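Below is one structure, written out as structure tokens, with a few remarks after it.
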Amino acid sequence: MVPANRVESGEFEGWYTWPEEPFEYESAGPFYFRVDEQGPVAAFRAERKHMNAGGSVHGGCLMAFADFSLFAIAHEQIEGEYGVTVAFTSEFLSGPAEGAYIEARGEVLRSGKNLTFVRGIITGDGKPSLNFSGTIMRRPKR
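Per full-length UniProt numbering, residue 1 is the first one in the sequence shown, and the count goes up by one each step.
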């Protein structure tokens, strides 16, 4: 996994991100993460570029954020290693509006030599929006 960079200003000052991940940082995000008193958390602010025509955060954006969140939640278990998502499931619960604070929290269910299993929930302004789980496989970086 590429090292995380600390955000130095703005709403997410003090959080971390992976700017070397172009899709998650430039296209879909930027997405952020940190560890607080409740554990690992990932977040972003819903902008116009994240919306669908119905006025809700696009499902593909929520799934991309959930994939990012797998790694944020498992950050301590896989730090210093590269990983890829090999399994992912999700269920849509609600669509957050533009401007919503989107947050993901979860837990590592098991972390072994090669595989790490994670589950979590994404909320939009505190309302459940997406339930997700996934499996990360450690791999040599190409």
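Note that CB positions come from ideal geometry on N, CA and C, so glycine has one too. All figures in this text were calculated on a predicted structure; none of them were measured in a lab.
Are the Cβ atoms of SER69 and GLY120 separated by less than 8 Å?
Contact flag set, yes.
Closest by C-alpha distance to TYR82, when choosing among ASN5, PHE23, ILE136, TRP15
It is ILE136.
Where GLU8 falls, given that 16 or more other Cβ within 10 Å makes a residue buried:
When all chains shown are included, GLU8 counts as exposed.
How big is the Cα-Cα spacing for ALA42 and GLY54?
Roughly 25 Å separates the two Cα atoms.
Assumed close pair GLY39, ARG105 - CB separation to whole angstroms, cut-off 8 Å
About 7 Å; that satisfies the 8 Å criterion.
By DSSP's criteria, ASP36 is part of a beta bridge. Which residues make up the other side?
According to DSSP, residue pairing for ASP36 in a beta bridge involves GLY39.
Using a Cβ-Cβ cut-off of 7 Å (strictly less than) and excluding sequence neighbours within five positions of HIS50, which residues of its own chain qualify?
So the qualifying residues of the chain are VAL57, HIS58, CYS61.
CB contact flag (SER94, GLY124, <8 Å):
Yes, the Cβ-Cβ distance between SER94 and GLY124 is below 8 Å.
Going along the chain, which residues of its own chain have a beta-carbon closer than 8 Å to the beta-carbon of TYR32, five neighbours each way excluded?
Same-chain partners within the cutoff: VAL7, PHE12, TRP15, TYR16, THR17, ALA42, ALA43, PHE44.
With distances taken Cα to Cα, identify the nearest neighbour of ALA4 among ILE78, THR116, PHE92, GLU98.
Distances from the CA of ALA4 to each of ILE78, THR116, PHE92, GLU98 were compared; the closest alpha carbon is that of ILE78.
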